[in-house]
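Residue numbers for the sequence shown follow my numbering, so the first one is 282 and each next one is one higher. Just so it is clear, CB atoms sit at the ideal spot from N, CA and C, and this is done for glycine as well. Remember, predicted model here, so these are calculated numbers, not experimental data. Contents: one structure, followed by commentary.
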Amino acid sequence: MNYYTIPCKPTLSQYVRFFWVLEHDGVTPAQPYTHRSMADGCCELVFHYKGRFTDIAADGSSSPSFTSGVGGPSQSFSRFHTQEAFGIFGVYLYPYAIAALFGVPASAITNQQVHLPALLGQAGKDIEEKIMLAADNYERAAILITFFESQLTRYHKQPPPVFKAIGYIIKSKGTVTVDALAQKHFLSTRQFERNFKEFAGFSPKLYSRIIRFQAAIEKYRDKNRSLTEIAYDCGYYDQSHFIHDFKEFSGYHPKTYFSGNNEGTEWKEAE
Numbered sequence: 282m283n284y285y286t287i288p289c290k291p292t293l294s295q296y297v298r299f300f301w302v303l304e305h306d307g308v309t310p311a312q313p314y315t316h317r318s319m320a321d322g323c324c325e326l327v328f329h330y331k332g333r334f335t336d337i338a339a340d341g342s343s344s345p346s347f348t349s350g351v352g353g354p355s356q357s358f359s360r361f362h363t364q365e366a367f368g369i370f371g372v373y374l375y376p377y378a379i380a381a382l383f384g385v386p387a388s389a390i391t392n393q394q395v396h397l398p399a400l401l402g403q404a405g406k407d408i409e410e411k412i413m414l415a416a417d418n419y420e421r422a423a424i425l426i427t428f429f430e431s432q433l434t435r436y437h438k439q440p441p442p443v444f445k446a447i448g449y450i451i452k453s454k455g456t457v458t459v460d461a462l463a464q465k466h467f468l469s470t471r472q473f474e475r476n477f478k479e480f481a482g483f484s485p486k487l488y489s490r491i492i493r494f495q496a497a498i499e500k501y502r503d504k505n506r507s508l509t510e511i512a513y514d515c516g517y518y519d520q521s522h523f524i525h526d527f528k529e530f531s532g533y534h535p536k537t538y539f540s541g542n543n544e545g546t547e548w549k550e551a552e
């Protein structure tokens, strides 16, 4: 398995966190691969340029995954299965980038995986074709940079203050309070929460919990720290609170996840 990231140009860093690539040539019907994505406060634009996955629903039913699409902010985990070699090119986006780049609020695609042509029409079909025909992943990054710059020109507006508030929650790893953010941006708490949900997909309180959970899973490689230490490092008041959120957002007890003996961590080992 091969996983790596590609930085985006600084002028787009307000919206694009980074590009990422996940490839695996060793997948066969005898050695299938199941990927698990966790709850996330950010969004992803994903292109399957080699191979296809099957989406596995919570009830066990399955359906073919899209070739290209956008995953909105999510509060639960998802599972994907394949029996063939694959290559995926992804773009990790701040949630408010959905409005800035595609003209729709993040709340419109929360907890959804949306086929790109369904979101963008012919423009989605055109960019999908260009990505599939690209010579390599660095060319794919260059194609998308040009596309994003064009989209920003099309949908350009002065970013509302709530964009900074969402970014601040991400930067603080979910430890800042809602009242402090509302006061910082000179909004009533009610007005702030309404604007926040539109561009982040969730209420500030739930969003902060998801971002705090994301900070915890980033401790995966820190094998020398106990679960209690990880919990306190990430702003949890006690271990039971940490376990509750972790199970809700990943489907795993944190002890199981950090053991590495589960699906959804293979790509982290390949970083």
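Distance between Asn505 and Ser489, taken at the CA atoms: about 26 Å. One thing to note: Val443 has its Cβ no nearer than 8 Å to the Cβ of Leu374. At the C-beta level, Gln495 and Leu508 stay beyond 8 Å of one another.
In the DSSP annotation of this structure, the continuous segment of the alpha helix (DSSP H) that includes Lys445 starts and ends at 442-452.
Less than 8 Å divides the Cβ of Phe328 from the Cβ of Phe370.
Under DSSP, Gly482 shares a beta bridge with no residue. In the structure shown, Asp514 falls within a helical segment according to DSSP collapsed to helix, strand and coil.
Between Glu409 and Phe527, the alpha-carbon positions lie close to 34 Å from each other.
Classified as buried, Asn418 has 16 or more neighbouring CB atoms from the shown chains inside 10 Å of its CB.
In this chain, Ile369 is not harboured by any alpha helix (DSSP H); it is covered by the beta strand (DSSP E) spanning 367-374. Cβ contact annotation for Gln364 (same chain, cutoff 6 Å, sequence separation greater than five): Pro310, Pro313, in chain order. The Cβ-Cβ distance between Phe367 and Glu304 falls below 8 Å.
If you look at Asn543, you'll find it isn't in any beta strand (DSSP E); DSSP assigns it neither H nor E. For Arg298, the enclosing beta strand (DSSP E) has its first and last residue at 297-305.
With respect to the 8 Å criterion, Met282 and Glu547 are classified as neighbours on the basis of their beta carbons. Less than 8 Å separates the beta-carbon of Ile492 from that of Gly455. Sorting Pro485, Thr335, Gln356, Tyr501 by C-alpha distance to the C-alpha of Phe347 places Thr335 at the top.
Taking 8 Å as the cut-off, the beta carbon of Cys323 is found no closer than this to the beta carbon of Pro291. Approximately 7 Å separates the beta-carbon atoms of Phe477 and Ile447; this is inside 8 Å, confirming the contact. For Pro288, the CB contacts under 8 Å within the same chain, skipping 5 residues up- and downstream, are Phe299, Phe300 in chain order. His316 and Ala338 have their alpha carbons spaced roughly 13 Å apart. It is roughly 26 Å from the alpha-carbon of Gln432 to the alpha-carbon of Tyr285.
For the set Gln295, Phe361, Lys500, Lys452, the Cα lying nearest the Cα of Gly545 is the one of Phe361. At a Cβ-Cβ threshold of 8 Å, Val372 and Leu293 do not count as neighbours. Counting only runs of 4 or more residues that sit fully inside the segment 365-434, the alpha helix (DSSP H) segments are 378-383, 397-401, 403-414, in chain order.
The beta carbon of Ala463 is closer than 6 Å to those of Thr470, Phe473 in its chain, skipping five residues each way along the sequence.
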